[in-house]
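Enquirer: Structure provided below as structure tokens; questions to follow.
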Amino acid sequence: TTVPIVEMSAAGGTYGWTVADDISSGVKVRIRDKNDVDVFDDSDGTFKIMGSFIISQPDGGESWIVDEVQPIVWTTQGTVNDVKLDYSVDAGQNWLLSAASETNSGTYNWTVPNNMSGECRVRVSDATDTAAFDTSNGNFKIRGDLTMTTPNGGEKWSVGSSRTIQWTKIGSIQYVTLSYSV
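Written out as structure tokens, the structure is:
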């Protein structure tokens, strides 16, 4: 099936085409003499029309805490029904799956994994054609969190007494440094 693009003068030899929303991997373009259907040529091979994405969040500089729910947000050009979401902790060198196939709503509520790094990125792609994708423009951070539980204010600790300092942690924090100020 052919879909007309435009009828125009052949003198210029070029045409700036706004690519149609007809996602396919078997596309060809045909040029034909308007007055003689026997004079035509087709693209020598097929090419692909695919959707595209622009991630707006996270796009670099964010600091997200393990186990928080954070929205991954993007816009889509073209009709893409389902998306795949991945994340990286090494600035996009390797990718880990977040969701294999989610409805393309432009947002995904992501539970931040316990995979802490300052070189994180996300990638959104067409679930049926992973060549159509976008990644975060810059790195963001997945970090743990600490909450001091004891002392937490109002305690009276005598010099020389033995007291227990307590905290809770989120994420795979391995070591902490304790200090005090007066």
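At position 16 of the sequence shown the residue is numbered 56 (this note's numbering), and the sequence of numbers has no breaks.
By construction, the Cβ of each residue, glycine as well, lies at the ideal position given by its N, Cα and C atoms.
Under three-state DSSP, which class holds Met188?
Expert: In the structure shown, Met188 falls within a strand segment according to DSSP collapsed to helix, strand and coil.
Enquirer: Kindly confirm or deny that the region 168-175 and the region 189-200 touch, where touching means at least three C-beta pairs closer than 8 Å.
Expert: no
Enquirer: Grouping DSSP H, G and I as helix and E and B as strand, with all else coil, what is Tyr127?
Expert: strand
Enquirer: Skipping 5 residues on each side, what residues in its chain have a beta carbon closer than 7 Å to that of Gln116?
Expert: What sits at residue 116 in the sequence shown is Thr, not Gln. Answer for Thr116: Gly91, Phe93, Asn144 and Gly146, listed in chain order.
Enquirer: Which partner residues does Ala139 have in the DSSP bridge list?
Expert: Paired residues: Leu125.
Enquirer: Out of curiosity, what's the CA-to-CA distance linking Thr42 and Gly158?
Expert: 50 Å
Enquirer: For Val106 and Tyr55, I'd like the C-alpha separation in whole angstroms.
Expert: 51 Å
Enquirer: Using 10 angstroms around the beta-carbon of Pro44, count the other beta-carbons present and answer buried if the total reaches 16, otherwise exposed.
Expert: exposed
Enquirer: When the Cβ atoms of the region 53-69 are set against those of the region 108-122, are three or more pairs found closer than 8 Å?
Expert: yes
Enquirer: Where does Val69 sit, in a helix, a strand or coil, going by DSSP?
Expert: coil
Enquirer: Could you tell me whether the region 183-196 touches the region 129-144, using the rule of 3 or more Cβ pairs below 8 Å?
Expert: Touching, no, given that fewer than three Cβ pairs across the two stretches are closer than 8 Å.
Enquirer: Would you mind listing the beta strand (DSSP E) stretches within the region 71-115 that are 3+ residues and don't spill past its ends, in chain order?
Expert: 76-82, 87-89, 92-97 and 103-105
Enquirer: Pull up the distance between the alpha-carbon of Lys209 and that of Arg183, whole angstroms please.
Expert: Counting only the Cα atoms, Arg183 lies some 11 Å from Lys209.
Enquirer: Using beta carbons (cut-off 8 Å, strictly below), is Val199 in contact with chain C?
Expert: Among the protein chains of the structure shown there is no chain C, as only one such chain exists.
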